[in-house]
Amino acid sequence: MGKKSKKKQVLVCCGTGCIANGGLDVYQAFKNNLGELFELASSDDIKATGCHGLCSSGPFVRILPDDITYCQVKASDVEEIIEKSIKNNELIKRLLYRDPQSKKRVQNLEKVAFNSMQLKKALRNVGLINPESLQDYLDRQGYQALRKALKMKPEAVVKEIIDAGLRGRGGGGFPTGLKWKACQATTSTPKYIVCNGDEGDPGAFMDESIMEGDPHTILEGMLICAYTVGASKGFIYVRDEYAGSVTALTKAISDARKNDFLGEDILGSGLNFDIEIVRGGGAFVCGEETALLASIEGNVGEPWDKYVFPTEKGLWGQPTVINNVETWSNVPLILLEGAKKFASTGTAGSKGTKVFSLVGKVVNTGLVEVPMGTSLRDIIFTIGGGVPGKRKFKAVQTGGPSGGCIPESLLDLKVDFDSLNEAGSMMGSGGMIVMDDRTCMVEVARYYLQFLAGESCGKCVPCREGIRSMLEILERICNGQGCLEDLDLLEDIGESVRTAALCALGRTAPNPVLSTIKYFRDEYLEHIVDHRCPAGVCKELSEFYIDAELCNGCGLCSRNCPVDAIQGEKKQPHVIDNSKCIKCGECINECQFLAVKVR
Amino acid sequence: METDALITNESEELDAIINKYPGEKRYIMAIMHDLSRHFNYLPRPALEATARHAGVPFSQVYSMATFYKAFSLVPRGKVHFKVCDGTTCHIKGSQIIIDEIYSRLNIKPGETTADLQFSLETVNCIGACALAPALLANGKVHPRLNAAGVRQVIAEYGGPEYGKKE
Amino acid sequence: MKILIDGIEIEAQFGETILEVARRTGIHIPTLCYHEAFGGQGSCRFCMVEVTKNGSSRIVASCTYPVNDGIEVKTSTPQIDKIRRNIAMLLYKRAPNSLFMQTLYKEHLCTENNLVEDPHEKCILCRLCVNACATMGASAISTVMRGTDKRVATPYDDASAVCIGCAACAEVCPTGCIEVQEDNNIRRIWNQDFTLVACEECGKNFATREQLAYIMDKSKQDAPATELRFCENCRRKVLARKLETFNG
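Chains as they are written, first to last, in our numbering: chain H, 1 to 599; chain S, 600 to 765; chain R, 766 to 1013.
Listed below in structure tokens is the structure:
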């Protein structure tokens, strides 16, 4: 290894985000030029890896051991990279990341603010290994945790997980170890292990990045649990849209079977366990565990009342442990570093780290993993670099469609399961969507309700009819036909849905409405009383104009206007023709001088 | 329905797809995924055959096919656009993409052009939030689109007659 | 085990739900989607009650909550009454054309609001019809779509190849929203016509031909047995006569 480590290695990010930006072409260009390179002797030295995190600047090419990271690389840049940086140790300045805070080009991406506060635990291998290579995983202590667990008593393994204080990363935050313990105590067989990879929160992709970037860690977590509770069969339920995850997991399962990590008498321990992938059908509600189990069984994904937990009666009525992707990826880590070390990070009630997908109106978008208890301000402003352009921060939405919107006044909130609940939002699976003054909070609530109206399974009355009614009211307010009584009605219905709905989707469905009414009541009132949408989003309530003092006549707005509603001479203030304007907002988004305003 | 009748070699293909799986209820979704990929939608005879194969009432298979959004009961276009309307894309302007497609192709989400060339649907989140707003065209992600970008994508897939302003 | 419902101590069996225990004790808990024949679905949430155990309380659906030792149940509290009122209001707004919902709306003292009403709708999606069809018939109907678009239908809304026209769905429907027309020995239901069969004794129509064929097929009989030739009333009479001949 010593000799090899001096050799150069090229990591090309091929996460979903980077693929969309041409990551695979970059990877292929390196592969095509492999023959000419004496420095990179084998294809192992060029790795297509999972997500590097800072998706807004991808595709990334990272060169080791020098640790140079190039951003927004195109296939046409590859020859130059090979020529300069691999053969001649030269830096290509223009491809280096430009730190938005210091405005300086940075060679080592690990050192920029985006990465400085992060602590990669669940994502420890993502971006560093080729997810299709079992050897890469083994080189990074892969399956060592399983070997260790197999030598322990099952009760001792459970104790380790309980002591670590690991809570379910899928949203509920239920203590993982207690779940396992309950399942361990049941006598009925067979037992099942399920991985919930139906990450459906719009604006969240952390589970995707683990499934496609480090699939073996999920298998290892499930194996450890299987040994602990005595299960023989596992299922990974993958969201329909995640083709890359299915590919990576399929390869990982096949390699694990060939190498004695899955199948009969695993590693000579007597453990028999195999895993099957089930592709979801495109239903957000299947992220709810009982709906997911119903879906695996071959039914419509309707949840059932969880008065008896799945650990007792789950899949086909048998004891079942179901955990989310990120939870599974923490399991091997706990066994490797020990419960004590794991629990040394985080807050009193929430241990370890949490991966967030930091997206929306924020400079650095991508995946961030931070210790529990990191403040929203640090995540959004230090790591995320704040709101782009000259816009103003307005709110951050956490917890997916059923989460809530948190205002600026609560930015110092230390993020963990309990603090977010108290703020009227929730952790959910870790979506974090930053909103600026161009986001209308009433419309955001309407958007989430519309989402949930289509994604509710439609089984129980409070969720189905409650969402329908709340959506109807919000649409009315967005169209300028709301009345003050509507707010009371929203709150009244919302409270009943919160207590009476069958599953977590329904019970949390009012959150976007109730939290925006709580923190942004003024904005509702502006819609209802003044018939005005200050963000310029609700078309019936907005009218745009160009501030002649601020406009320098660059013409960007008129070039981008889809209906040619903006006229003006070069370098002269432009004017919007409101009879033509369709209020799409393209001009506001394009204007670099905040000259386009809402009346 | 006449349009749904399968011609002979199609019905052989249908059998081949279905028979890859054991006749158990739990494989219905996997079968429907394969059928959907093959036919570009779920033809009625295919659903009926799936129900027979799995030994469940047809109504149950139909219930599933209409419950899960991955499946369509009407033919999709040769070019299938999926506009991401996840939260990030939504607040970053997915509506602009939807509106532009409507103004160029006259189709709304869930619809297909009369010549079966293009179809459009919205999806919740394609996991490319850092590249919002995004459009998937036959599975390929087109990141950070504005109206002009949409016109380009349409032109790319449909030739110039679709790219021009009318 | 012993449980308390509204202060009354009741002996309950493992595996029973709160609703079952309450019903057999004569304690009223209102329900919409419950039927003894199919068990609890947990979908209407009208039967929610407050359960207290070890000092902590939660609101649960009594039709699916299995009793456990020492629980204390309250079938009516201000919070529960509010939930029921809102459910009655929401379902009335959905199905204002049903007399059943109009009554319930008044009973629960719902206050007026400006939510839109669909004047033609009667269905409250309790799904008792779907359950009835699965139990008595051949699962000709199911729920289709999801979310707020969910409804009950035959596949493609076409005449179903497996419907036997037994009308068990219509019989169990609380709001009378499934249309059954009978005219000249023809029953029309779910967009399909069925021929009615008359009782050999009294001459009244009592079943459809398809229904009798279905029963015969299920019970593997070739010739129509007594129960397939007479209506329920007459069947008793015929049997009684048979007994007389035996005795005589």
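We put the CB at the ideal spot given by N, CA and C, even for glycine.
Are the CB atoms of residue i and residue j nearer to each other than 9 angstroms?
i      : j      : result
H:L490 : H:I467 : no
H:T398 : H:M426 : yes
S:Q716 : R:S907 : no
H:D45  : H:V73  : no
H:A164 : H:A339 : yes
H:G203 : S:C724 : yes
S:A733 : S:L744 : yes
R:T900 : R:C828 : no
H:R167 : H:S350 : yes
H:G454 : R:D958 : no
Which term fits residue i, buried or exposed, when burial requires 16 or more other beta carbons within 10 angstroms of its beta carbon?
i       : result
R:F779  : exposed
H:S188  : exposed
H:N88   : exposed
H:W604  : Here chain H comprises residues numbered 1 to 599, so residue 604 of chain H is not present and cannot be evaluated.
S:R651  : exposed
H:I406  : buried
H:P65   : exposed
H:M206  : buried
H:L550  : exposed
R:A787  : buried
R:R1006 : exposed
R:N819  : exposed
R:M766  : exposed
H:Q567  : exposed
What residue range is occupied by the uninterrupted alpha helix (DSSP H) comprising residue i?
i      : result
H:G454 : 441–455
H:N330 : 325–337
H:T247 : 243–258
S:G748 : 746–757
S:H637 : 627–638
For residue i, go through chain R and note every residue whose CB falls closer than 7 angstroms to its CB, in chain order.
i      : result
H:K459 : S808
H:R468 : T913
H:E465 : L855, L856, R859
Along the beta strand (DSSP E) that carries residue i, what are the first and last residues, could you check?
i      : result
H:Q135 : Where H:Q135 is concerned, there is no enclosing beta strand (DSSP E), although the alpha helix (DSSP H) it sits in stretches over 134–139.
S:T686 : Careful: S:T686 lies outside any beta strand (DSSP E), inside the alpha helix (DSSP H) at 686–690.
R:N970 : 970–973
H:Q9   : 9–13
S:S718 : 717–722
S:V678 : 678–683
For a contact meaning CB atoms closer than 8 angstroms, what does residue i contact in chain H?
i      : result
S:F666 : G281, A283, V300, G301, C457
R:V881 : E472
S:N618 : Near S:N618 there are no residues of chain H at all, since even the closest Cβ is about 17 angstroms away, more than 8 angstroms.
What in chain R is Cβ-close to residue i, meaning under 8 angstroms?
i      : result
H:V308 : P831
H:P603 : What the structure shows of chain H is the stretch from 1 to 599, and residue 603 of chain H is not part of that stretch, so it cannot be assessed.
S:F670 : Here the premise fails: no neighbours, minimum Cβ distance about 12 angstroms.
Could you work out which residues of chain H lie near residue i, taking near to mean beta carbons separated by less than 7 angstroms?
i      : result
S:A615 : Those within 7 angstroms of S:A615 in chain H number zero; the least Cβ separation is about 19 angstroms.
R:V826 : First, the amino acid is wrong: residue 826 of chain R is Ala here, not Val. Simply D305.
S:P742 : A20, N21
Name the chain R residues that come within less than 9 angstroms of residue i, Cβ to Cβ?
i      : result
S:K661 : A quick correction: the sequence has Tyr, not Lys, at residue 661 of chain S. Going along chain R in sequence order, the residues near S:Y661 (Cβ under 9 angstroms) are S907, V909, A918, T919, P920, Y921.
What does residue i reach in chain S if we use C-beta pairs closer than 9 angstroms?
i      : result
H:D437 : Here the premise fails: no neighbours, minimum Cβ distance about 12 angstroms.
Quick one: list the residues of chain S neighbouring residue i, beta-carbon separation under 8 angstroms, in chain order.
i     : result
H:S56 : A729, L730
What residues of chain S sit near residue i, judged by a beta carbon separation below 7 angstroms?
i      : result
H:S375 : In chain order: nothing, as chain S lies at least about 22 angstroms away.
Contact between the stretch 705–713 of chain S and the stretch 579–599 of chain H: three or more CB pairs below 8 angstroms?
-> Result no; under three Cβ-Cβ pairs closer than 8 angstroms.
Is it true that the stretch 805–819 of chain R meets the stretch 888–896 of chain R, where meeting means three or more beta-carbon pairs spaced less than 8 angstroms apart?
-> yes
Touch test, the stretch 828–843 of chain R against the stretch 863–878 of chain R, Cβ-Cβ under 8 angstroms, three pairs minimum = Per the Cβ contact rule, the stretch 828–843 of chain R is not in contact with the stretch 863–878 of chain R (fewer than 3 Cβ pairs under 8 angstroms).
Say whether the stretch 115–123 of chain H touches the stretch 337–355 of chain H, bearing in mind that this needs 3 or more beta-carbon pairs closer than 8 angstroms, one atom from each stretch.
-> yes
Between the stretch 329–337 of chain H and the stretch 390–406 of chain H, do at least 3 Cβ pairs fall closer than 8 angstroms?
-> Proximity of the stretch 329–337 of chain H to the stretch 390–406 of chain H falls short of the contact definition, fewer than three beta-carbon pairs being nearer than 8 angstroms.
Should the stretch 733–749 of chain S be called in touch with the stretch 677–684 of chain S, which here means at least 3 C-beta pairs below 8 angstroms?
-> Here the stretch 733–749 of chain S makes contact with the stretch 677–684 of chain S; the two share three or more CB pairs at distances below 8 angstroms.
Decide yes or no for the touch test of the stretch 17–27 of chain H against the stretch 75–95 of chain H: beta carbon pairs closer than 8 angstroms, at least 3 of them.
-> yes
Three or more C-beta pairs closer than 8 angstroms, one from the stretch 280–298 of chain H and one from the stretch 103–122 of chain H: is that the case here?
-> As far as the Cβ criterion goes, the stretch 280–298 of chain H does not touch the stretch 103–122 of chain H, which means the pair count is below three.
Would you say the stretch 946–953 of chain R touches the stretch 916–928 of chain R, given that touching needs at least three Cβ pairs under 8 angstroms?
-> no
Are the stretch 610–625 of chain S and the stretch 586–595 of chain H touching, with three or more C-beta to C-beta distances below 8 angstroms?
-> Not touching, per the Cβ criterion.
The stretch 367–382 of chain H / the stretch 253–264 of chain H touching (three or more Cβ pairs under 8 angstroms) = Per the Cβ contact rule, the stretch 367–382 of chain H is not in contact with the stretch 253–264 of chain H (fewer than 3 Cβ pairs under 8 angstroms).
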